[in-house]
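A.B. asks: Below you will find the structure I want to go over with you.
Number of protein chains: 4
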Amino acid sequence: MSDEIKGLNEECGVFGVFDATDASRLTYFALHSLQHRGQEGAGIVSSDGQQLYQFRNRGLLSEVFADKKDLAGLIGRSAIGHVRYGTSGNNVLANVQPFLFHFHDGDVALAHNGNLTNAQTLKSHLEDDGAIFQSSSDTEILIHLIRKNQHLSFIDALKKSLNQVRGGFAFLLLRKDCLVAALDPNGFRPLSIGQLANGAYVVASETCAFDMIGAKFVRDVLPGELIVIDQDGLHVDHYTTDTQLAICSMEYIYFSRPDSIIHGVTVHNARKMMGRLLAQQSPADVDMVIGVPNSSLSAASGYAEESNLPYEMGLIKNQYIARTFIQPTQELRERGVKMKLSAVRGVVEGKRVAIIDDSIVRGTTSKQIVHLLREAGAKEVHMRIASPPLRFPCFYGIDISTRSELMAANYSVTEMCEQIGADSLEFLTIPNLIKAISVPDGKNTPHGGLCVAYFDGDYPTPLYDYEAGYLASLKKQQAREVIQ
Amino acid sequence: MSDEIKGLNEECGVFGVFDATDASRLTYFALHSLQHRGQEGAGIVSSDGQQLYQFRNRGLLSEVFADKKDLAGLIGRSAIGHVRYGTSGNNVLANVQPFLFHFHDGDVALAHNGNLTNAQTLKSHLEDDGAIFQSSSDTEILIHLIRKNQHLSFIDALKKSLNQVRGGFAFLLLRKDCLVAALDPNGFRPLSIGQLANGAYVVASETCAFDMIGAKFVRDVLPGELIVIDQDGLHVDHYTTDTQLAICSMEYIYFSRPDSIIHGVTVHNARKMMGRLLAQQSPADVDMVIGVPNSSLSAASGYAEESNLPYEMGLIKNQYIARTFIQPTQELRERGVKMKLSAVRGVVEGKRVAIIDDSIVRGTTSKQIVHLLREAGAKEVHMRIASPPLRFPCFYGIDISTRSELMAANYSVTEMCEQIGADSLEFLTIPNLIKAISVPDGKNTPHGGLCVAYFDGDYPTPLYDYEAGYLASLKKQQAREVIQ
Amino acid sequence: MSDEIKGLNEECGVFGVFDATDASRLTYFALHSLQHRGQEGAGIVSSDGQQLYQFRNRGLLSEVFADKKDLAGLIGRSAIGHVRYGTSGNNVLANVQPFLFHFHDGDVALAHNGNLTNAQTLKSHLEDDGAIFQSSSDTEILIHLIRKNQHLSFIDALKKSLNQVRGGFAFLLLRKDCLVAALDPNGFRPLSIGQLANGAYVVASETCAFDMIGAKFVRDVLPGELIVIDQDGLHVDHYTTDTQLAICSMEYIYFSRPDSIIHGVTVHNARKMMGRLLAQQSPADVDMVIGVPNSSLSAASGYAEESNLPYEMGLIKNQYIARTFIQPTQELRERGVKMKLSAVRGVVEGKRVAIIDDSIVRGTTSKQIVHLLREAGAKEVHMRIASPPLRFPCFYGIDISTRSELMAANYSVTEMCEQIGADSLEFLTIPNLIKAISVPDGKNTPHGGLCVAYFDGDYPTPLYDYEAGYLASLKKQQAREVIQ
Amino acid sequence: MSDEIKGLNEECGVFGVFDATDASRLTYFALHSLQHRGQEGAGIVSSDGQQLYQFRNRGLLSEVFADKKDLAGLIGRSAIGHVRYGTSGNNVLANVQPFLFHFHDGDVALAHNGNLTNAQTLKSHLEDDGAIFQSSSDTEILIHLIRKNQHLSFIDALKKSLNQVRGGFAFLLLRKDCLVAALDPNGFRPLSIGQLANGAYVVASETCAFDMIGAKFVRDVLPGELIVIDQDGLHVDHYTTDTQLAICSMEYIYFSRPDSIIHGVTVHNARKMMGRLLAQQSPADVDMVIGVPNSSLSAASGYAEESNLPYEMGLIKNQYIARTFIQPTQELRERGVKMKLSAVRGVVEGKRVAIIDDSIVRGTTSKQIVHLLREAGAKEVHMRIASPPLRFPCFYGIDISTRSELMAANYSVTEMCEQIGADSLEFLTIPNLIKAISVPDGKNTPHGGLCVAYFDGDYPTPLYDYEAGYLASLKKQQAREVIQ
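Residue numbers (UniProt numbering), protein chains in the order written: chain S, 1 to 484; chain Z, 1 to 484; chain V, 1 to 484; chain D, 1 to 484.
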């Protein structure tokens with residue numbers, strides 16, 4: 001899947017640093033390396049030990065902080081930052097994180113990656129009790145829950161609140177004198193701890209942020225943990241012990257940067273292994289192997305090497321796609337004008353090619369790719385997908401809301417192959433996916449410590465607010481399948 | 001060489017279309033695919049058969065035409081466009097092309113890729129004669145020469161003028177009723193003709209522009225040719241027959257897009273073959289092969305396949321680098337903050353790696369790359385360059401003005417290896433470069449129809465205005481070499 | 001006082017319309033005529049009968065709605081709008097009004113002009129009870145008070161809440177099906193009701209907004225009133241009957257537009273009469289009368305006519321002052337570079353002039369004006385101020401927070417004259433101010449229905465949260481006066 | 001005439017300074033005070049004694065130099081600047097001045113206020129001779145003429161060239177070592193010399209620029225003069241002695257700032273006298289006098305004083321009109337929404353008013369003003385115009401190109417009064433205009449040293465390129481008049 005596809009995007013990236021010089025500037029660079037996790041908004045809140053400072057806006061990090069003064073204004077030695085993926089409906093400034101709340105007893109800032117499954121229920125109860133929400137995001141609920149328990153210490157109130165929310169979440173909270181990180185009981189979302197040369201701790205959604213700023217990896221945050229970083233150092237605590245690792249497999253397949261290490265596994269290596277196992281499992285009688293740039297190149301080179309076939313650059317992705325780009329008219333599109341991907345005629349002409357993609361969501365891009373390659377003279381086009389068919393929605397932080405959009409939820413592989421126009425189509429099996437990733441911590445856990453619910457519908461938790469709607473959609477689909 | 005390096009950049013890309021619907025929009029998309037040839041300015045001039053319309057500005061194409069109305073205002077069925085690389089000194093609007101000149105006997109627009117070697121002499125003569133130049137670019141000279149011959153027909157005046165200029169040039173001229181293309185007698189710069197489904201002709205610096213807009217390749221413009229496209233079709237003419245092909249080898253090595261076909265050779269294939277021949281010529285005893293993204297990936301995969309070694313993603317290039325990006329302070333840089341390239345620890349740690357780059361200009365980037373890889377745990381770093389050492393400046397359209405900046409002009413390969421910090425360093429030989437490219441038209445021509453003067457100092461033409469300065473710099477260097 | 005002076009600025013302007021076509025566009029034009037009441041932020045919330053839509057930002061109205069789409073998105077037949085004056089400390093987007101609150105039982109929008117005197121106390125109580133405030137403005141308190149009374153109807157909850165807040169306030173609230181206006185028990189701030197030709201009601205801070213949009217004046221909102229406008233028309237209600245008019249006299253002296261009519265008095269006429277009474281009370285033996293543009297021109301012409309002296313344009317205000325204007329360096333300033341006001345040499349040279357200003361805050365501008373006039377050759381400069389000396393802060397919506405800044409709070413008139421460098425200085429007396437304005441409704445009320453507390457310190461209400469600080473500052477000053 | 005009217009705008013303002021610290025910043029402030037002379041473009045060229053530096057763009061001065069760096073880049077101790085009025089057709093960057101020309105024998109910059117009457121003829125000759133023009137402005141012709149005479153010294157070539165151009169012009173030229181000013185033989189356009197405290201000379205279109213920067217007035221540039229300012233001081237020279245003063249009377253009536261002194265006459269004083277003479281000549285039986293803000297306020301106060309009538313603020317001009325302002329729809333306009341001017345009901349209701357305007361161009365604004373006043377309740381509206389009827393175009397630098405647009409060229413005063421809807425309409429007579437201004441230098445010159453050709457068609461020079469078109473339009477009109 002080429003990475004422009006809307007509809008399958010990680011919701012966010014978070015980063016935090018405590019007690020380091022240039023804290024907000026470090027956060028800026030760290031967020032820069034997490035930009036692939038969200039391009040619709042960005043923000044930073046800093047603390048100078050007395051007060052919290054916020055700047056955030058819609059757009060890419062470089063756009064948000066286009067005026068240097070805005071970053072310079074975020075003084076202090078601690079900071080948290082956020083890059084956000086937002087669907088069009090709620091892409092308003094009020095939803096851009098980190099959120100900052102002013103209280104007469106101290107400010108609190110909050111950044112969140114994930115999705116709460118009981119948000120509607122909690123929000124409704126809180127509003128009945130007089131609460132006023134400023135955003136439509138579910139993130140704000142946590143702070144209301146905390147404020148409902150002002151009789152407790154902040155950490156105790158936070159622990160109690162974390163036990164009330166459900167779903168996938170990685171929270172960072174900043175107060176004037178501490179940085180707190182918390183992960184959901186299944187560890188759906190990645191969250192790691194690093195350390196700068198001077199000893200200061202940092203927390204990030206992906207380890208690539210550590211490389212960017214010259215920090216060393218320390219450990220992953222584990223399910224159910226509450227990490228408190230203050231002047232006395234790093235304290236590992238738990239708000240629950242009822243945990244079981246189910247890290248999102250899509251982080252390995254598509255979302256995370258190839259250089260990130262999640263639960264001990266380098267993403268590029270996992271992808272290359274997906275390609276190798278795919279080659280073993282579903283070989284292709286072709287002249288060359290081509291990857292869809294950029295996210296499928298690792299898998300493609302694995303497939304090529306395992307097959308002993310040449311790995312070629314048969315597709316080119318234009319590097320200068322901008323937000324403000326004028327789009328081709330429908331007429332120009334029909335006349336062949338293309339914006340993002342081009343097939344390389346001099347490579348594929350007259351050849352049988354295996355094209356490796358990381359996934360198929362709606363199938364639109366796959367269809368275009370096959371068309372592009374044939375137009376450029378490819379004799380045969382065999383598509384190989386380095387993950388299993390996406391058939392079920394995610395409720396823990398990935399934006400696949402409706403099953404009706406997922407091609408594999410509605411068609412058999414044979415039908416998909418036909419619609420896409422490929423000569424053959426094969427997917428990696430779930431066991432091979434789990435084998436390719438091989439999470440060390442996940443050995444004795446269902447699905448090897450991975451969440452593979454998008455492929456098999458076996459969700460690791462109840463679905464709460466989503467349960468009814470999900471069951472209804474399943475029913476509708478079964479009815480449709482019967483009719484077909 | 002990673003592609004952010006200033007100091008070795010192609011100067012421009014040009015595109016023209018005659019008699020097609022949506023001419024300026026087609027030009028916009030075509031220029032989009034040529035954006036890698038110049039990011040400092042862009043412009044389009046269109047013709048509606050009566051009048052010419054211009055819009056141009058500094059910046060990327062998407063920035064220049066951020067307001068749709070500006071493109072919509074370029075009405076008519078013919079257009080020429082230009083993307084420009086400009087050095088800081090002359091990066092002013094007045095230099096952004098296409099130029100448009102209004103005359104009481106008809107407008108003329110002009111777009112140019114290349115560099116004239118007798119510009120100063122011609123300009124001086126013309127000024128003495130009362131001419132006033134509006135830009136500091138050498139491009140404008142052509143139009144003054146034409147106007148000096150108003151007694152001749154436009155085409156005859158143009159032919160006469162083309163015989164007065166020297167150097168490397170690909171010119172496009174647009175008048176209300178015709179589009180004209182002209183190439184220098186050595187064909188230093190690439191220029192190709194294509195055709196849309198409806199028969200309309202297009203001209204472009206690279207064939208990737210044809211793929212972008214759904215046009216078919218027709219033929220390359222040949223040295224000394226003057227192509228006139230008007231209502232009667234395409235007319236091939238010559239302004240001189242004293243020609244000899246010497247197409248710039250850097251177009252294959254670095255500049256052009258991998259999917260472009262120049263004089264019959266697909267750039268990706270040439271690069272992959274450079275990698276293969278480099279592997280044969282300079283093997284490395286390593287665990288894996290890594291390419292510098294993005295321009296060296298083709299050569300790296302060729303090297304890996306020929307060596308039967310795994311091809312790995314050991315370096316990651318950040319995709320979100322923006323013009324307005326806040327840069328790390330020196331202190332942060334020293335603490336390890338990096339912006340553009342990251343090494344992938346999980347891939348290279350404990351491994352012996354061969355790193356493939358396309359060229360070395362100043363050596364700064366090479367040094368950083370070796371440092372990055374070692375920091376990420378690479379045990380050995382062997383650098384292999386898929387082209388010969390760059391030792392001489394270019395006078396035909398590539399921005400390498402002074403020898404003092406070229407690392408290979410000042411140091412031996414052994415010294416370079418030491419400075420870069422690699423365990424070994426090897427370059428492709430000139431004969432292998434020529435063999436890897438194998439220009440069909442260049443068989444019986446010196447250097448196989450290629451200009452390789454940057455490597456051996458053997459310029460295919462006299463240097464005119466540059467001669468004295470060049471000889472002086474050579475002398476200074478020889479003196480320095482003697483002292484060393 | 002020239003109108004660029006910070007430190008004495010009206011805090012806001014509000015406007016509302018119910019059930020009219022183009023409601024948000026009407027609001028935009030109405031706010032345009034209220035722009036003088038606040039330039040730091042602007043916003044509009046509209047209602048289409050089902051839902052509320054918001055757009056707001058920092059900056060001038062024309063900047064906020066620079067993109068037409070943002071206004072076009074505010075659909076529906078009802079709207080409220082706000083222009084905001086903000087001090088630098090709190091000039092953030094979160095404070096730009098109207099505020100919009102989403103509740104599962106219906107949205108509420110809120111726009112406010114004024115200042116609450118018990119805001120800190122109320123906010124603290126509410127936070128202890130779990131409330132979370134999104135802005136630092138006191139406006140938001142009202143909505144929290146309302147939500148604390150969800151068991152009551154909206155109007156009853158609002159009435160109860162209005163009885164809990166203290167100070168000066170003109171509130172507009174918009175719900176999907178009604179528009180509500182409420183004024184404080186002293187009517188400190190102006191608020192008027194108008195009607196469009198088609199019968200739709202509008203509410204505005206000043207009647208000049210009615211002229212702008214072609215509406216007819218209906219009546220002023222009176223102290224303690226609650227006006228509800230819905231599909232059944234306009235309903236006049238009260239939340240309290242314990243009221244006494246004390247309309248801010250600074251509205252007449254400086255803030256309001258000369259064409260606005262407040263409680264039956266046209267502002268220009270009041271100002272002209274201030275000038276006339278000032279001429280009677282404090283004549284000057286001069287050759288001409290000059291007004292400080294633009295706010296003092298009415299008073300100056302009154303003074304000139306009453307004195308039978310020529311009224312001349314002796315000071316020019318530059319019309320092109322922009323926010324982004326580059327300021328003169330200190331050196332240039334000393335060399336005479338001036339930005340905003342110029343004296344007209346050809347008018348004042350060799351002449352004795354009376355210069356009329358509306359007020360003196362810090363005295364800085366007055367000093368500059370006298371200097372400018374003398375530099376341009378004026379032989380004598382007699383300053384006449386068309387209001388009494390400003391000696392006490394305002395707590396009801398005008399930004400004069402500290403006594404230490406007010407020149408007249410710290411110096412006698414003789415000392416002021418000396419510091420300003422004028423040949424004489426005289427102020428209008430309080431009785432003459434009251435006589436000049438002559439509010440018809442204020443006849444049997446203290447100070448003729450006006451608040452003149454800035455002049456005599458006689459505040460019409462207790463000061464609540466400000467009491468302690470105010471008394472302390474008085475004490476400090478008395479101590480200083482004793483020492484002096 | 002309210003000052004938003006297009007169609008009667010001065011074309012430009014120029015300023016120059018030689019050998020002063022902060023030259024470009026001084027120029028910036030000086031241009032700021034000349035902004036009323038042109039809002040469509042602005043630019044500055046500076047000289048550091050070696051080289052010339054340019055920055056210019058479309059828009060207001062504050063917009064053009066929004067980024068401080070652009071002004072800071074204009075280093076050196078000498079500079080010229082320009083603010084430009086441009087008609088829509090030619091409002092392109094290429095036409096924004098000062099123009100800067102690079103020659104191998106030294107750069108020349110040029111700023112121009114005025115209009116050449118033989119531009120087309122000269123341009124055509126020059127193009128036939130090979131010249132290439134970069135702008136559509138007539139200003140550039142001068143530099144081409146100079147370059148045609150390279151055998152002469154620069155000053156001699158300039159003198160010769162000035163004798164070849166015809167029309168109204170005030171030229172400033174900057175070279176690395178001198179500043180040159182030249183005025184046309186009739187002195188149509190104002191141009192004055194001033195001096196800074198340190199002795200450095202400045203030149204400006206209006207003396208208000210001197211007040212802005214703390215310079216003293218020295219003398220006016222006289223018709224036919226060539227002023228050269230260099231390291232040796234100021235040299236007064238002539239390029240012709242065949243001169244006769246005919247300074248544009250519109251400069252006094254409308255264009256210039258009231259504080260400027262032109263040929264010894266303060267503009268405000270002239271305007272006030274126009275009002276006084278108008279009152280003597282055409283009294284009105286009214287209750288008050290009102291001026292159209294801002295340009296007619298001087299005349300209105302003169303009229304009021306002479307008539308012994310109150311001078312009232314019956315019309316308000318909105319101060320916040322911005323370029324990007326959203327305009328009312330036609331429907332809203334009909335419903336009474338107004339943007340720029342409001343009538344003050346509380347002032348005019350039930351009153352007989354005399355409304356003073358400086359001129360009538362198309363009559364559209366006059367009609368609106370009468371309508372506004374009647375709508376606000378004025379019982380009678382008597383319009384008095386403080387200048388004679390505008391009946392003929394200007395060819396010397398004011399943008400009134402066609403007679404068909406001038407109301408007074410097509411209708412009698414009685415007809416105009418009827419169309420405008422006033423109760424009476426009277427204009428100042430030409431003799432009274434001349435008497436009101438009373439240019440000291442113009443005593444023994446036709447029309448008192450003024451150009452009044454717009455009123456009587458008596459042009460002080462032949463019309464050259466415009467002659468034929470002008471005569472044709474006169475004929476057409478006479479034909480129309482006969483028919484009527």
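Note that CB positions come from ideal geometry on N, CA and C, so glycine has one too.
Everything numeric in this text was worked out from a predicted model, so none of it was measured.
1. Among residues of its own chain, excluding the 5 on either side of glycine 89/V, which ones have a beta-carbon nearer than 7 Å to its beta-carbon?
2. Considering only C-alpha positions, which residue in the set His371/D, Ala376/D, Phe392/D is nearest to cysteine 417/D?
3. Name the one or two DSSP bridge partners that threonine 266/S has.
4. Is the shortest distance between the beta-carbon of glutamate 127/V and the beta-carbons of chain S less than 7 Å?
5. Is there at least one Cβ from chain Z nearer than 7 Å to histidine 112/D's Cβ?
6. Select from Phe133/Z, Ala182/Z, Glu349/Z the residue whose C-alpha is nearest the C-alpha of glycine 377/Z.
7. Would you mind listing the alpha helix (DSSP H) stretches within the stretch 56 to 107 of chain S that are 4+ residues and don't spill past its ends, in chain order?
8. Any idea if asparagine 294/D is buried or exposed, counting beta-carbon neighbours within 10 angstroms, 16 or more meaning buried?
9. Using alpha carbons as the reference points, say which of Met274/V, Arg271/V, Ala182/V lies closest to histidine 235/V.
10. Tell me the start and end of each unbroken alpha helix (DSSP H) in the stretch 10 to 55 of chain D that is at least 4 residues and wholly inside, in chain order.
11. When you compare the CB of threonine 266/D with every CB in chain V, is at least one pair closer than 7 Å?
12. Taking DSSP's pairing of strands, which residues face leucine 116/S in a bridge?
13. Return helix, strand or coil for serine 473/D, following the three-state DSSP convention.
14. The alpha helix (DSSP H) with glycine 302/Z in it runs from where to where?
15. Identify, in the order they occur along the chain, each residue of the same chain with its Cβ nearer than 6 Å to the Cβ of glycine 81/Z, setting aside the five sequence neighbours on each side.
16. Counting along the chain, where does the beta strand (DSSP E) carrying arginine 384/Z start and finish?
17. Please tell me whether alanine 284/Z and histidine 382/Z are closer than 7 Å, where the distance is taken between their beta carbons.
18. Could you tell me which of Asn149/S, Ala119/S, Gly59/S sits nearest to glutamate 140/S, measuring between CA atoms?
C.D. replies: This is what the structure gives:
1. With a pLDDT of 49 at glycine 89/V, under the threshold of 50, the predicted position of this residue should be treated as unreliable, and no value is reported.
2. Residue His371/D is the option with its Cα nearest to cysteine 417/D.
3. DSSP, once it has assigned bridges, lists Ile261/S as partnering threonine 266/S.
4. Taking Cβ atoms only, chain S reaches closer than 7 Å to glutamate 127/V, which makes this a yes.
5. Answer no: the Cβ-Cβ gap between histidine 112/D and chain Z never drops below 7 Å.
6. The shortest C-alpha separation from glycine 377/Z is found at Glu349/Z.
7. The qualifying runs are 61 to 64, 68 to 72.
8. Result: buried.
9. Among Met274/V, Arg271/V, Ala182/V, the Cα nearest to that of histidine 235/V is on Ala182/V.
10. 23 to 33, all fully within the stretch 10 to 55 of chain D.
11. Yes, its Cβ sits closer than 7 Å to a Cβ of chain V.
12. According to DSSP, which records beta bridges pairwise, leucine 116/S is partnered with Gly167/S.
13. Helix at serine 473/D.
14. Judged by DSSP secondary structure, glycine 302/Z falls within the alpha helix (DSSP H) whose first and last residues are 297 to 307.
15. Hits under 6 Å: Phe15, Thr27, Leu31, Ile44.
16. Start and end: 380 to 385.
17. Yes, the Cβ-Cβ distance between alanine 284/Z and histidine 382/Z is below 7 Å.
18. Checking every option, the nearest Cα to that of glutamate 140/S belongs to Ala119/S.
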